[in-house]
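>
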Amino acid sequence: MKKLAMIALVALCAISFVFANGASESTQNVSTDGSTSMESVIGSLAEAYMAENPNVTVTYNPTGSGSGITAVSEGRCDIGLASRALTDDEKASGLTETVLALDGIAIIVNNSNPVNDLTLEQIAALYTGEVTNWSEVGGADAPVVLIGREAGSGTRDGFESITGTEDLCQYRQELTSTGDVITTVSTNPNAIGYASLSAVSDSVKTVTVNGVAPSEETVLSGEYLVQRPFVMATRSAEPLSEAAQSFFDYALSSEAAPIIAGAGAVPLN
Numbered sequence: 001m002k003k004l005a006m007i008a009l010v011a012l013c014a015i016s017f018v019f020a021n022g023a024s025e026s027t028q029n030v031s032t033d034g035s036t037s038m039e040s041v042i043g044s045l046a047e048a049y050m051a052e053n054p055n056v057t058v059t060y061n062p063t064g065s066g067s068g069i070t071a072v073s074e075g076r077c078d079i080g081l082a083s084r085a086l087t088d089d090e091k092a093s094g095l096t097e098t099v100l101a102l103d104g105i106a107i108i109v110n111n112s113n114p115v116n117d118l119t120l121e122q123i124a125a126l127y128t129g130e131v132t133n134w135s136e137v138g139g140a141d142a143p144v145v146l147i148g149r150e151a152g153s154g155t156r157d158g159f160e161s162i163t164g165t166e167d168l169c170q171y172r173q174e175l176t177s178t179g180d181v182i183t184t185v186s187t188n189p190n191a192i193g194y195a196s197l198s199a200v201s202d203s204v205k206t207v208t209v210n211g212v213a214p215s216e217e218t219v220l221s222g223e224y225l226v227q228r229p230f231v232m233a234t235r236s237a238e239p240l241s242e243a244a245q246s247f248f249d250y251a252l253s254s255e256a257a258p259i260i261a262g263a264g265a266v267p268l269n
């Protein structure tokens with residue numbers, strides 16, 4: 001009995017020590033949901049933030065801009081992520097828009113495609129079906145295969161708004177993520193697509209638009225025309241939790257700016 005009592009006393013002391021030193025503090029959760037184009041930016045920010053705040057877990061659900069806006073509106077996440085500006089109706093429904101960064105929408109082709117530059121007008125002509133063969137824009141004699149994003153995608157909304165092709169694009173495939181667009185273009189020599197600059201890799205070729213390549217400098221200066229905002233959407237009438245507000249503030253801080261830049265987007269701070 002004395003031995004059991006001693007064991008219980010030791011265990012109690014150990015538990016008391018853990019609580020006294022904060023090791024058992026409950027983890028606080030911050031949930032984000034939305035744009036797949038923002039994966040690199042949000043992932044990098046979350047990783048850096050959690051390294052400094054080990055008792056906070058930041059999660060990201062890549063569902064697309066429209067779904068992210070719906071999720072935050074319905075209270076299913078703390079912060080909705082959209083790679084486009086909120087509409088007047090979305091703001092009127094009780095959401096607040098905060099621009100985190102700017103992003104260039106890269107126009108991508110297969111690495112074997114000889115086309116290196118397109119005008120904004122040529123891009124529109126390609127996507128509306130006015131131009132159907134690459135030879136018409138300086139490429140090979142081959143049919144143009146149009147790859148884009150699904151309805152509700154912030155990337156699609158930004159691309160179509162800037163090129164004036166809303167409801168006019170003749171897509172061969174409408175894909176549900178930035179990664180799928182890049183992969184599809186990389187495997188089809190006749191394909192053209194669009195994707196967040198922050199996500200583009202060497203597996204595809206980025207063409208210049210009106211002679212201007214997408215970069216941090218050209219997006220920030222406005223020289224690169226195909227660009228859009230990365231937005232954090234929150235509920236206007238409901239304050240964020242302490243942890244969510246802390247992450248939100250961190251994402252907008254000067255400390256986060258190089259992390260955003262490193263992820264391929266253009267910080268505003």
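Residues 1 to 269 (the UniProt record's numbering) make up the sequence shown, in order.
Ideal Cβ positions, reconstructed from N, Cα and C, are used throughout, including at glycine.
#1: Let me know the secondary structure DSSP gives Ser-177 once reduced to three states.
#2: Shorter than 8 Å from the beta carbon of Thr-98 to some beta carbon of chain C?
#3: Return the CA-CA distance between Ile-107 and Gly-211, expressed in angstroms with no decimal places.
#4: Going by the CB atoms, is the gap between Ile-147 and Gln-170 shorter than 8 Å?
#5: Looking at the structure shown, is Gln-227 part of a helix, part of a strand, or coil, going by DSSP?
#6: Distance check for Asn-55 and Gly-193, CA to CA, integer angstroms please.
#7: Might you give, ordered along the chain, the residues of its own chain that have their beta carbon closer than 6 Å to the beta carbon of Val-72, omitting 5 neighbours on each side?
#8: Mark Ala-74 as exposed unless 16 or more other C-beta atoms lie within 10 angstroms of its C-beta, in which case mark it buried.
#9: In angstroms, rounded to a whole number, what distance separates the CA positions of Glu-166 and Val-99?
#10: In whole angstroms, what separates the C-alpha of Thr-27 from that of Ala-51?
#11: Since Ser-31 sits in a beta bridge, which residues does DSSP pair it with?
#12: What is the DSSP secondary structure of Ala-85, reduced to helix, strand or coil?
#13: Leaving aside the five residues before and after Gly-22 along the sequence, list all residues of the same chain whose C-beta is less than 6 Å from its C-beta, in chain order.
#14: Using the Cα positions of Pro-114 and Thr-163, report the straight-line distance between them to the nearest angstrom.
#15: Tell me the DSSP secondary structure of Leu-95 in three-state form.
#16: Output needed for Glu-97: all residues of its chain with C-beta closer than 7 Å, excluding positions within five of it in sequence on either side, in chain order.
#17: With DSSP as the reference, label Ser-65 as helix, strand or coil.
#18: Within 10 angstroms of its Cβ, does Cys-13 collect 16 or more other Cβ (buried), or is it exposed?
#19: Using only CA atoms, which one of Val-204, Pro-62, Tyr-224 and Arg-149 lies nearest to Asn-110?
#20: In terms of DSSP beta bridges, what is Ile-123 paired with?
#21: Helix or strand or just coil, what does DSSP make of Val-41?
#22: Tell me whether Asn-29 is buried or exposed, calling it buried when 16 or more other Cβ atoms sit within 10 Å of its Cβ.
#23: According to DSSP, which residues form a beta bridge with Pro-143?
#24: Can you tell me which of Ala-48, Val-219 and Pro-62 puts its alpha carbon nearest to the alpha carbon of Gly-179?
#25: Could you name the residues of the same chain whose beta carbon sits closer than 6 Å to that of Val-181, not counting the 5 residues immediately before and after it, in chain order?
#26: If contact is defined by three or more beta carbon pairs under 8 Å, each pair taking one atom from either stretch, is the region 242 to 258 in contact with the region 137 to 155?
Reading from the atomic positions:
#1: coil
#2: No chain C is present in this structure, which holds just one protein chain.
#3: 12 Å
#4: no
#5: strand
#6: 41 Å
#7: Gly-80 and Ala-233
#8: This sequence places Glu at residue 74; Ala is not what is there. With fewer than 16 Cβ atoms within 10 Å of its Cβ, Glu-74 is classed as exposed.
#9: 23 Å
#10: 13 Å
#11: Thr-59
#12: coil
#13: Caution is warranted here: a pLDDT of 41 is assigned to Gly-22, below 50, making its placement in the model unreliable, and no coordinate value can be reported.
#14: 22 Å
#15: strand
#16: Ala-85, Leu-86, Lys-91, Val-231 and Ala-233
#17: helix
#18: Because Cys-13 sits at a pLDDT of 40, beneath the cut-off of 50, its placement in the model cannot be relied upon, and the point is left open.
#19: Val-204
#20: For Ile-123, which the question treats as bridged, DSSP gives no partner whatsoever.
#21: helix
#22: exposed
#23: Asn-133
#24: Pro-62
#25: Ile-147, Leu-175, Gly-193 and Ala-195
#26: no
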